[in-house]
């Protein structure tokens with residue numbers, strides 16, 4: 001745990017030190033695995049020729065093996081573009097670029113067509129990008145086809161028309177009617193002009209080429225700088241679409257510069273620290289997460305790796321945290337940006353001072369031993385003046401062959417943050433209970449802070465507790481750790497933390513219980529004691545339980561403050577509550593079915609009684625009309641009443657009120673009609689009888 | 001002892017005179033009386049059932065009892081209107097009274113069926 005703490009703090013320190021002390025690592029295998037993840041084609045092919053080219057180029061630079069399915073898909077899209085007569089110069093350009101890596105065969109007829117269409121494009125070009133694609137395409141096809149003679153007509157005129165887009169501050173415009181200029185365009189223009197030179201160098205005027213050198217130095221005058229010493233190019237943000245960030249702009253400029261340096265013989269007088277600053281800018285990005293950013297970074301670094309201007313050499317350390325306990329040695333590596341070997345050189349440690357202090361260097365200048373096999377420069381024993389803590393070491397790199405100085409460039413002095421850790425000796429630790437008045441020792445216990453302790457003490461409020469120990473570094477100096485705390489925890493989980501102060505090597509804390517009675521909330525009882533001593537540089541940071549002390553404090557008065565409420569286990573308060581099971585209303589007790597059926601039978605009885613009584617009374621149907629019309633009325637009347645009663649039965653069984661009322665309406669009207677007929681007939685009959 | 005006998009005899013004589021008086025009523029009135037008795041008796045049986053098993057579907061009990069009671073009441077109204085000795089309803093034809101009786105019963109039973117549940 002202490003070790004990971006140390007590592008984390010080292011990272012923080014490395015990031016926070018911004019006075020030029022920073023560390024850059026060359027490209028490593030983590031880049032290669034990231035490239036394989038980022039550049040994955042969709043179903044075997046990439047979205048555009050540009051992306052195909054970027055993926056192939058990145059794999060080529062990083063030395064990743066060509067995958068046959070990717071190459072096959074690339075060849076397919078390349079041959080499609082190359083074979084089609086309607087491909088734009090931009091498509092042809094990227095197809096040829098991709099082909100220079102994929103190496104698919106192009107038919108002679110196809111290449112003849114390409115050459116003629118590109119020549120036509122050159123003649124008809126009006127903007128910078130038109131020139132770029134067409135001239136670039138011609139340069140590429142020259143290298144790929146068997147055609148010996150690729151002639152650029154009117155090279156001088158083309159050169160001048162591209163040059164016409166330049167501006168006095170070193171930037172270039174994209175076209176004559178667009179006034180915006182950018183450094184990105186400058187890079188493109190330089191590439192185009194180097195292409196023209198490589199196609200027809202004999203026809204061009206040398207003075208024209210020389211003026212370009214002035215443009216380049218003016219462009220490099222506009223370079224911008226970050227605090228950690230990295231340099232980059234940036235364009236003004238005018239339009240969101242056209243804006244190229246610092247990464248792509250710097251990459252483009254580097255590409256243009258190295259392409260131009262490759263075709264000219266003259267000496268480009270560029271200050272070397274600018275190349276180094278650009279190298280540090282690209283390395284400082286780490287591993288980008290975007291495929292395009294990745295390509296720009298790797299492409300730019302590939303330009304820096306081998307070019308005719310100057311090749312930067314980077315000083316890096318495999319580990320910046322050294323342990324005095326393990327007797328780690330200081331290892332330094334000097335490589336190119338891709339980690340390839342540097343020419344013979346010596347690395348000297350010229351200074352080392354404590355971070356944050358402006359004191360003089362603690363180390364004298366000494367050379368590091370070079371091991372041919374591992375490529376590391378090593379300093380086996382750290383100087384005795386270097387103790388635990390964080391330091392800034394200053395390294396100097398000197399090339400052994402003076403000739404190499406024209407080809408390579410290194411930083412004169414590199415500042416690197418180093419963190420030294422070690423075991424801190426803890427000695428003479430003891431805990432003592434003292435009588436307050438006399439200062440005499442009542443009980444004393446020696447502690448072994450490295451091992452287990454179970455000191456058991458008791459004290460009352462009139463006494464004092466004293467804890468003391470000594471800390472010293474591996475080199476024997478006094479050491480003040482980041483954390484030195486004594487914690488007393490009561491049975492009721494109330495805690496009190498005290499900082500242990502020091503004077504030199506001696507750490508001591510005295511707890512006078514008389515003054516602490518109120519702070520302890522008058523809680524008498526058993527207190528657990530815990531000591532914490534910790535520091536980033538301390539490999540044996542500790543958090544140990546010392547033991548416990550029975551503290552006898554007086555009774556709390558009325559107005560004494562209550563101890564703060566201890567945090568409740570949040571799960572018990574905010575956690576899920578007991579599940580409530582719904583208790584359904586118990587259904588009413590129904591009588592047994594037989595009883596109900598018995599009473600149903602009983603209810604029918606009065607009806608039977610009624611019918612029997614009717615018979616006994618001698619009811620008859622003599623008044624029933626015999627003539628047909630009244631007879632039908634009478635029958636219908638009885639049928640109607642029966643129908644209504646049947647409707648009521650259905651109403652009870654399944655109909656609802658509205659349906660019933662609807663039917664009842666019809667039946668009622670019918671019933672009224674026939675009833676009126678019947679009853680009026682009966683009334684007429686009885687009236688006749690009465691009068692008769 | 002004699003008083004008892006006389007009271008018993010009185011009750012018996014009363015009962016006999018009532019019976020003979022009743023025999024004089026017209027047949028149609030007797031039919032209506034029989035119908036009323038049937039309705040009341042049915043209501044009584046329902047009340048006994050409720051008393052024995054509890055009033056759980058109270059609405060059903062009410063609709064049953066009220067159906068019987070309602071129809072009995074309507075029958076009594078019919079009897080009043082049809083009775084020839086009743087001077088008040090001399091002008092009302094008995095058929096009209098019967099039509100009222102049928103209509104009111106149908107409405108009553110519609111409501112009862114709705115309330116039965």
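Chains as they are written, first to last, in the UniProt record's numbering: chain H, 1 to 692; chain B, 1 to 117. All C-beta atoms in this analysis are idealised placements derived from N, C-alpha and C, irrespective of residue type, glycine included.
Quiz item: For residue 285 of chain H versus residue 254 of chain H, is the C-beta spacing smaller than 9 Å?
Solution: Not closer than 9 Å, so no.
Quiz item: Shortest alpha-carbon distance to residue 226 of chain H belongs to which of H:437, H:22, H:486, H:434?
Solution: Ranked by how close their Cα comes to the Cα of residue 226 of chain H, the residues H:437, H:22, H:486, H:434 have H:22 in first place.
Quiz prompt | Whole-angstrom C-beta distance between residue 135 of chain H and residue 195 of chain H, which should lie under 8 Å | solution = 4 Å
Self-check item: From H:521, H:634, H:491, residue whose alpha carbon lies closest to that of residue 673 of chain H
Solution: Check the Cα spacing between residue 673 of chain H and each of H:521, H:634, H:491: the tightest is with H:634.
Self-check item: Whole-angstrom distance between residue 92 of chain H and residue 76 of chain H, CA atom to CA atom
Solution: 14 Å
Quiz item: residue 19 of chain H: buried (16+ other C-beta within 10 angstroms of its C-beta) or exposed?
Solution: Interpretation of residue 19 of chain H is limited by its pLDDT of 46, a score under 50 that renders its predicted location unreliable; the figure taken from the coordinates is listed afterwards. The residue in question, residue 19 of chain H, is exposed, as its Cβ has fewer than 16 Cβ neighbours within 10 Å.
Quiz item: Are the stretch 35-48 of chain H and the stretch 276-296 of chain H touching by the rule of at least three beta carbon pairs closer than 8 Å?
Solution: yes
Quiz item: Since residue 281 of chain H contacts residue 336 of chain H with CB under 8 Å, what's their CB separation in whole angstroms?
Solution: Wrong, their Cβ atoms sit about 16 Å apart, outside the cutoff.
Self-check item: Members of the stretch 47-78 of chain B near chain H, C-beta cut-off 7 Å
Solution: 49, 53, 56
Quiz item: Taking the alpha-carbon positions, what's the residue 25 of chain H to residue 316 of chain H distance?
Solution: 6 Å
Quiz item: If you draw a straight line from the alpha carbon of residue 400 of chain H to that of residue 58 of chain H, how long is it in whole angstroms?
Solution: 33 Å
Practice problem: Report buried or exposed for residue 97 of chain H, applying the criterion of at least 16 other Cβ atoms within 10 angstroms of its Cβ. | Solution: By the beta-carbon neighbour count (other beta carbons within 10 angstroms, threshold 16), residue 97 of chain H is buried.
Quiz item: Using 9 Å as the limit for Cβ to Cβ distance, is residue 618 of chain H near chain B?
Solution: yes
Quiz item: Excluding five sequence neighbours on each side, which residues of the same chain lie with their C-beta closer than 6 Å to the C-beta of residue 522 of chain H?
Solution: 553, 556, 560
Quiz prompt | Partner residues on chain H for residue 30 of chain B, Cβ-Cβ distance less than 8 Å | solution = 617
Self-check item: Same chain, Cβ closer than 7 Å to residue 125 of chain H, five either side skipped, listed in chain order
Solution: 131, 134
Quiz item: From H:678, H:273, H:481, pick the residue whose C-alpha is nearest to that of residue 505 of chain H; which is it?
Solution: Nearest to residue 505 of chain H by alpha-carbon distance, out of H:678, H:273, H:481, is H:481.
Quiz prompt | Of the residues H:140, H:403, H:531, H:436, the one placed nearest residue 455 of chain H, counting alpha carbons only | solution = H:531
Quiz item: Taking the alpha-carbon positions, what's the residue 577 of chain H to residue 586 of chain H distance?
Solution: Their Cα atoms are separated by approximately 26 Å.
Self-check item: Runs of beta strand (DSSP E) lying entirely within the stretch 458-483 of chain H, each at least 3 residues, in chain order
Solution: 463-472
Self-check item: Beta-carbon proximity list for residue 204 of chain H, same chain, < 8 Å, skipping 5 on both sides
Solution: 155, 156, 159, 196, 197
Practice problem: Below 6 Å CB to CB, which residues in the same chain sit around residue 693 of chain H once its five sequence neighbours on both sides are set aside? | Solution: Past the boundaries of the shown model lies residue 693 of chain H; chain H is included only from 1 to 692, so the question cannot be answered.
Quiz item: Helix, strand or coil: which one does DSSP assign to residue 111 of chain B?
Solution: Residue 111 of chain B: helix per DSSP, three-state reduction.
Exercise. For residue 45 of chain B, return the contacting residues in chain H, with the cut-off set at a CB-CB distance below 9 Å.
Key: 599, 602, 603, 605, 606
Quiz item: What is the rounded straight-line gap between the Cα of residue 427 of chain H and the Cα of residue 470 of chain H?
Solution: The alpha-carbon separation between residue 427 of chain H and residue 470 of chain H amounts to approximately 5 Å.
Exercise. Report the rounded CA-to-CA distance for residue 690 of chain H versus residue 676 of chain H, giving the unit in angstroms.
Key: 21 Å
Quiz item: Three-state secondary structure (DSSP) at residue 133 of chain H?
Solution: helix
Quiz item: Are any of the Cβ atoms in chain B nearer than 9 Å to that of residue 583 of chain H?
Solution: no
Quiz item: Does any residue of chain H bring its CB to less than 9 Å from the CB of residue 83 of chain B?
Solution: So, not an interface residue.
Practice problem: On a CA-only basis, which of H:602, H:309, H:118 is nearest residue 262 of chain H? Give me that one, please. | Solution: H:309
Quiz item: How close, in whole Å, do the beta carbons of residue 347 of chain H and residue 409 of chain H come, if the pair is a contact with beta carbons under 8 Å?
Solution: Not a contact, Cβ separation roughly 16 Å.
Quiz item: Mind checking if residue 666 of chain H is an interface residue toward chain B, Cβ cutoff 9 Å exclusive?
Solution: no
Quiz item: Looking at C-beta atoms only, is the number of pairs between the stretch 459-466 of chain H and the stretch 511-525 of chain H that lie closer than 8 Å three or more?
Solution: yes
Self-check item: Straight-line gap, residue 249 of chain H to residue 74 of chain H (C-alpha atoms, nearest Å)
Solution: 27 Å
Self-check item: Enclosing beta strand (DSSP E) for residue 700 of chain H [first to last residue]
Solution: Chain H is shown only over 1 to 692; residue 700 of chain H falls outside these bounds and no answer can be derived.
Quiz item: Can you tell me where the beta strand (DSSP E) with residue 369 of chain H in it begins and where it stops?
Solution: 369-371
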